[in-house]
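In the working numbering, the protein residues as written are 28 to 201.
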């Protein structure tokens, strides 16, 4: 046991803290991944935020470590009501699409559709728009669903959200 939860605690909430060192430990010894994954269930939201950051880093470096956990991301992690978790899920689903089954992709769409329709965090909206719009290029039903949401978000007062929505509308309607 490497005490990842303790190592991810403390410091400024917006800092990475020891995230990079934890990622390096897991990449060096893949068997430690489960301990890191379980940090998602910490009472400390900073630990959960840094766990999400670590997941994204590991997925970019060694995606195969996360593949056996896809179902748990779709169930256990999707239930965590924290913006950083939800925006990370959108990123991870986008990165792992080729490794996901059709059933898993459908569940990921359901999660992201709910987030796009109901969430207000700007990063959740932006990351979810990216993944869903990318998937919409080959899914006409999803495209029909997302376009009205993109129209709604194109009027968002936050420039990053409205700009992203407009960019995705252009991408899907060209």
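By construction, the Cβ of each residue, glycine as well, lies at the ideal position given by its N, Cα and C atoms.
Owing to the predicted nature of the structure, the values given are computational and were not obtained by experimental measurement.
Straight-line measurement puts the Cα of residue 174 at about 42 angstroms from the Cα of residue 58. Of 179, 38 and 77, the smallest CA-CA separation from residue 47 is found for 77. Taking C-beta atoms as the reference points, residue 199 and residue 165 fail to come closer than 7 angstroms. Taking C-beta separations shorter than 6 angstroms and ignoring five residues to either side along the sequence, the partners of residue 155 in its chain run 117, 139, 142 and 143, following chain order. In this model, residue 74 and residue 119 are separated by some 18 angstroms (Cα to Cα).
At the C-beta level, residue 111 and residue 88 stay beyond 7 angstroms of one another. Taking a C-beta distance under 7 angstroms as the contact criterion, residue 189 and residue 149 do not qualify as a contact pair. In this structure, the beta-carbon distance from residue 41 to residue 34 does not fall below 7 angstroms. About 17 angstroms separates the Cβ atoms of residue 94 and residue 67, ruling out a contact at the 8 angstroms cut-off. Residue 195 places its beta carbon less than 7 angstroms from that of residue 160. By a beta-carbon distance limit of 8 angstroms, residue 97 does not contact residue 60. Their separation comes to about 13 angstroms.
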